[in-house]
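Anchor point for the sequence shown: position 111 equals 111 in UniProt numbering, and the numbering is continuous, going up by one each time. No residue lacks a Cβ here, since even glycine has one placed at the ideal position from N, Cα and C. What you are looking at is a predicted structure, and each value in this text was computed from that prediction instead of being measured.
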Amino acid sequence: MSSQVTNLVIVLGMMQVSKRVPFDDPDVLLGVRVLYVVSNLVILGIYLYVQSVINKKKDLTTLKYVEPSQLGSGEEPRPVTTTVMEYDKQQLRNSFRSQLMGVGMMGVMHLYFKYTNPLLVQSILPVKSALESNLVKIHLFGKPATGNLQRPFKAAAGFMGMGQGEVKSDKASVESAEKKWRGGVKEE
Numbered sequence: 001m002s003s004q005v006t007n008l009v010i011v012l013g014m015m016q017v018s019k020r021v022p023f024d025d026p027d028v029l030l031g032v033r034v035l036y037v038v039s040n041l042v043i044l045g046i047y048l049y050v051q052s053v054i055n056k057k058k059d060l061t062t063l064k065y066v067e068p069s070q071l072g073s074g075e076e077p078r079p080v081t082t083t084v085m086e087y088d089k090q091q092l093r094n095s096f097r098s099q100l101m102g103v104g105m106m107g108v109m110h111l112y113f114k115y116t117n118p119l120l121v122q123s124i125l126p127v128k129s130a131l132e133s134n135l136v137k138i139h140l141f142g143k144p145a146t147g148n149l150q151r152p153f154k155a156a157a158g159f160m161g162m163g164q165g166e167v168k169s170d171k172a173s174v175e176s177a178e179k180k181w182r183g184g185v186k187e188e
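The following block contains the structure:
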């Protein structure tokens, strides 16, 4: 089963469970809040461990790829030259940022709008997503960086397959983008 299908099953299942949870009981509400905080601390721990492994490996292998332009921006795709270590750190920063945005939105939904049901779902899905991330598979579970785990990672398909484009790392695409980006001058 794909990750998106299992996420949907979890959401639908947790929605049914949350209907039966007596959130008006202060002890139950406190327990769900504690579960949410603990799940976010687990994610933070996973990401900090992955960061320490990235720093320890210090993989300075050069990585070249073409970053697609934003949809509708009219810009040319931009060539990127970096190291595996810097690429992994950037991906990890994006994961941290995404998790913090989720916590912020959940905080607004729960504290300001008084929604309690999403606390249960958001205690499970982000942990699942963190454990399924490419960096965690490579640095925590020790899977080789080949196939779907090869850098640069393929972007997840957006809503109905609409995304910003595909990251390309083949030599012809990189050279073409370098020439276009620098106005035809290629540095060696």
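- Touch test, the stretch 53–66 against the stretch 95–106, Cβ-Cβ under 8 Å, three pairs minimum: no
query = Roughly how far, in whole angstroms, is the beta-carbon of Leu63 from the beta-carbon of Tyr87, given that I think they are within contact range, below 8 Å?
reply = 5 Å
- Message: Helix, strand or coil for Phe159? Go by DSSP, reduced to three states.
- Response: Note that Phe159 has pLDDT 48, beneath the 50 cutoff, so the model's placement of it is unreliable and no number is given.
Under 8 Å: do the stretch 111–122 and the stretch 133–142 share three or more Cβ pairs, one atom per stretch?
No, they do not touch.
In or out: Asn148 buried (at least 16 other Cβ within 10 Å) or exposed? exposed
Handout entry: Same chain, Cβ closer than 8 Å to Gln4, neighbours up to 5 away in sequence not counted
Key = none
Using C-beta distances below 7 Å, list every residue in its chain close to Ser18, excluding the 5 sequence neighbours before and after it, in chain order. Asn117 and Leu120
* Is Leu111 buried or exposed, if buried means 16 or more other CB atoms sit within 10 Å of its CB? -> exposed
Review point. Do you know offhand how far Glu166's Cα is from Pro152's?
Key: 10 Å
**Message:** Measuring straight from C-alpha to C-alpha, what distance separates Met109 and Thr6?
**Reply:** 24 Å
- Task: Assuming Val127 and Val42 form a contact by the criterion Cβ under 8 Å, report the distance between their Cβ atoms to the nearest whole angstrom.
- Result: Indeed, because the Cβ distance is near 6 Å, the residues count as touching under 8 Å.
| Contact belief for Lys180 with Glu76 at Cβ below 8 Å, rounded distance in angstroms | 5 Å
Just the Cα atoms here: how many angstroms apart are Thr92 and Val21?
The sequence shown places Leu at residue 92, not Thr. Whole-angstrom Cα-Cα distance: 35 Å.
Which residues in the same chain as Phe159 place their Cβ atom closer than 8 Å to its Cβ, once the five residues preceding and following it in sequence are excluded? Unreliable placement is indicated for Phe159, whose pLDDT of 48 sits below 50; no coordinate value is reported for it.
Do Val136 and Ala145 have their CB atoms nearer than 8 Å?
no
Exercise. Using the rule of at least 16 other Cβ atoms within 10 Å of the residue's Cβ for burial, across every protein chain shown, is Met15 buried or exposed?
Worked result: exposed
CB-CB length for Leu30 against Phe23, believed under 8 Å = Incorrect: roughly 11 Å between the Cβ atoms, too far for contact.
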